[in-house]
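For the sequence shown, position 253 (counting from the first letter as 1) is numbered 725 according to our numbering, and the numbering increases by one without interruption.
No residue lacks a Cβ here, since even glycine has one placed at the ideal position from N, Cα and C.
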Amino acid sequence: MNAVKRGYKNKRNVPAALCDYQVFMFVSAKSKKVSHDALMQVRISFESELQVMGYGHTRLSVTDFVTLMRVITSPIQNEIEWPKIHVDASQKLSASLVKPKTEVLIQDAHIDFKVLNDEGEPQHTRIVNLAIDKWPEQFVLWSQPDLYANVFNPDKGIQCPFLISFTVRGSQLETIRSEAKSKSESLAKGNNAVQRMLNPRLLDEIRDWSHGYQEISKGNMSLHDTFYNIVLFTNEEDSVRHVAQVIAAYREFGFELSQQPKLSFSRYLASLPFFLSEGYFEDLKLLNQTKRLNHFACANQLP
């Protein structure tokens, strides 16, 4: 218990708390667009790959799913154990997700929750969402800043409960191949001194799209729209410090993070399972909250 609340004592006097890391994978499609059997086959494919790689995994039960959603939608920052939830089969699943009497106050830069604990005492939690403003030129496999910090530099880790949500949108190979070809040809036609002066990276873009078209045509590459969000579960007193620590941790790897004004609640909703597949992804794309990555970069962003 002390290891969870106060961390292990050490000569450097850095937080070294015992943490619980779990990864949840959800596969979804727009309602009525993909059959139930097709989604089942995708799940079986993922399970087979995880088993081959030696990763322990299990399927979520209905109770497991509701418990996870309760923690995210009715957060209590200082709770150590997962909540005990009874799912009433006679009601819709949504009736069990949010804890009764939960109050939510949406601000421009954060979201404040007031949740009653098991003793009926109000608990206050502040949720802060962080987006990636700048991506590094190169991705390193398993370079999640918090994982690296826990091993090599504990004082640069994330010092509050957090959720990293990473959504990869599937794409049609022929569609992205045609897009890559069109983009490559368009940039090549506009390659002149004036355009190179206006866009110093024009030659790099031509090379990248030409290479992308060739690799996509060979079946060696795919491009995907992605959404990446960091959700911090903090409090009013420590939120500024926690945000600064996370920004510093990601900066070590070439990422620049920021809070998105007036988009805090939108990004929070987008981090919940199944929201993006019901049309919400297009809205985020219009708001410039998504990022196009190749399949290799997507793999490197996985936890």
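query                                                                                                                         : result
Alpha-carbon to alpha-carbon, M693 and V534                                                                                   : 36 angstroms
Continuous beta strand (DSSP E) assignments of at least 3 residues falling wholly in the region 537 to 580                    : 575 to 578
Residues of its chain near I688, where Cβ-Cβ distance is below 8 angstroms and the 5 sequence neighbours each way are ignored : L645, I648, R649, A652, S694, L695
Reduced DSSP secondary structure (H/G/I, E/B, other) of A501                                                                  : coil
K748, enclosing alpha helix (DSSP H) - first and last residue                                                                 : With the sequence shown as reference, residue 748 is identified as Leu, and Lys is not the correct amino acid for it. Counting along the chain, L748 falls outside any alpha helix (DSSP H), and DSSP gives it neither H nor E.
Proximity winner among P775, F746, L774, relative to L511 (alpha-carbon distances)                                            : F746
Straight-line gap, G629 to N772 (C-alpha atoms, nearest Å)                                                                    : 19 angstroms
Residues that DSSP places opposite S520 in a beta bridge                                                                      : Its beta-bridge partners do not exist; DSSP assigns none.
C-alpha distance - R723 paired with Y493, whole-angstrom precision                                                            : 22 angstroms
Alpha-carbon spacing of I583 relative to L540, whole angstroms                                                                : 19 angstroms
Stretch pair the region 700 to 718 + the region 590 to 600: three plus CB contacts closer than 8 angstroms                    : yes
Where the alpha helix (DSSP H) through D676 begins and ends                                                                   : 674 to 689
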